[in-house]
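Everything on this sheet refers to the single structure shown next.
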Amino acid sequence: MKRLLTLLLCLSALPVVAQEPQLDVPPQPALSVAAKSYILTDFQSGQTLASQNVHERVEPASLTKLMTAHVVFSALQQKRISLTQVVPVSERAWRTQGSRMFIEPNRPVTVDELMRGMIVQSGNDACIALAEAVAGTESAFVQMMNKEAGRLGMKNTRFANSTGLPHPEHYTTARDLALLAAAMIRDFPEYYPLYSLREYTYNKITQPNRNRLLWLDPNVDGLKTGHTEGAGYCLITSARRGDRRLISVVMGTASDNTRTMESQRLLNHGFQFYDTVHLYHKEREVIAIPLWKGAQNKLKTGFGYDVYFSLPKGQADKLKAKMEYKQPLIAPINAGQKVGVVKFSLDGKPMAEHPLVALETVGAANFFGRSWDSMQLLFN
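Okay, so the sequence shown: first residue is 22 according to my numbering, each after it adds one.
As structure tokens, this is what we get:
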């Protein structure tokens, strides 16, 4: 038998990231974006606020470099490489095509310099040099990229190189890129500020960041531009206003100006028409539920992560939650163990479900305690 309980929602606003898939929010005013595909997501809730053709396969161009950076940042966190490490420049890296930071075989260059050259200058030569530093060869590095894409849930993505140069087996989707952008911000706060740098100078050559929104909108602090003839003009952007952060992905626009303006429109749309509310805090007690045959007769329960919702402005009071948990719940119970589910709805329409978990470990009662509870359950 399951017991149902309606919960009151306790609203607050703390900038803590919760990564739990949820349903898209109800649509707001119609939005037309001049792009092949696009998506606007809320970083805290993970919900989609606006989208079009999000699963359509597209060429990522230099947006590929987000995954290249993701793998490099992981190697730094794991101390497999260091920022001050000097990287030998191979002839292959030196001769690579496309945008470059202009590294040279006989000129010392560090991991830190290569990262800036890759992120700010979009240097393909920097990508290959970093790939070789981390994995020995670019092909081995690409395997790491694809493995990480799978771990992040990028189900419709495959990488064939570290640079984004065109290849028939090199593709992604707008939704997958939004997942990757969120992971970059969430997992690497120490390196993410590199994406807000407006220019970088190496080898006496200064190149600007191609993300024009870094100059036009003070709330924008990343992420990456991309362009090839096949991909068109693409841009992944993140902006923060107060405690809220939004991520936009625009693919296949006709010009640099179009990708900039359409990204700005998406971000403004999200901030203007939606609110994000912090409903429950990670590992904070929501309710104590009855526990049988345990060392105590109540179990503290809550959520294993912060629960956020993005909703049309003025709709937060219409959000309802209903809890379902198993009864009788029998000890022993381990902390983190799922004991129920909380179902959220807006105006009677399902929005999302989140697992209710034990916030403490409770062992079994002694022989007499278990026997007494067995008798009570029998008669009840």
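Built from N, CA and C at the ideal position, the CB exists for glycine as well. Values in this document were obtained by computation on a predicted structure and should not be read as measured data.
Look at serine 53 here: in three-state DSSP terms it is coil, with no helix or strand label. When rounded, the separation of the alpha-carbon atoms in phenylalanine 365 and alanine 342 is 4 Å.
In this structure tyrosine 301 does not touch leucine 332 by the C-beta definition: roughly 15 Å separates them, more than the 8 Å allowed. DSSP places glutamine 73 inside the beta strand (DSSP E), whose first and last residues are 69–73. The beta carbon of leucine 173 is closer than 7 Å to those of Leu200, Leu201 and Ala204 in its chain, skipping five residues each way along the sequence. Taking one beta carbon from each stretch, the stretch 247–260 and the stretch 176–189 have 3 or more pairs nearer than 8 Å; the two touch. In this chain, the beta strand (DSSP E) harbouring histidine 375 covers 370–379.
Under the DSSP assignment, leucine 267 falls outside any alpha helix (DSSP H), being part of the beta strand (DSSP E) whose first and last residues are 265–274. Where alanine 342 is concerned, the enclosing beta strand (DSSP E) starts and stops at 340–347.
For glycine 171, the secondary structure class from DSSP, reduced to helix, strand or coil, is helix. DSSP places alanine 316 outside both helix and strand once states are collapsed to three, so it counts as coil.
In this chain, alanine 352 is not harboured by any beta strand (DSSP E), its DSSP state being neither H nor E. In the same chain as arginine 121, and ignoring 5 residues on each side of it, the C-beta atoms closer than 7 Å to its own belong to Gly144, Asn145 and Asp146, in chain order. Looking from the CA of glycine 361, the closest CA among Lys347, Trp115 and Asp368 belongs to Lys347. The beta carbons of glutamine 73 and valine 54 sit closer together than 8 Å. Listed in chain order, the non-local C-beta contacts of methionine 88 below 7 Å within the same chain comprise Met166, Glu169, Ala170, Phe180 and Leu201, local neighbours out to five positions each way being set aside. With a cutoff of 8 Å on beta-carbon distance, leucine 135 and valine 108 are scored as near each other. Under the three-state reduction of DSSP, arginine 262 is assigned to strand.
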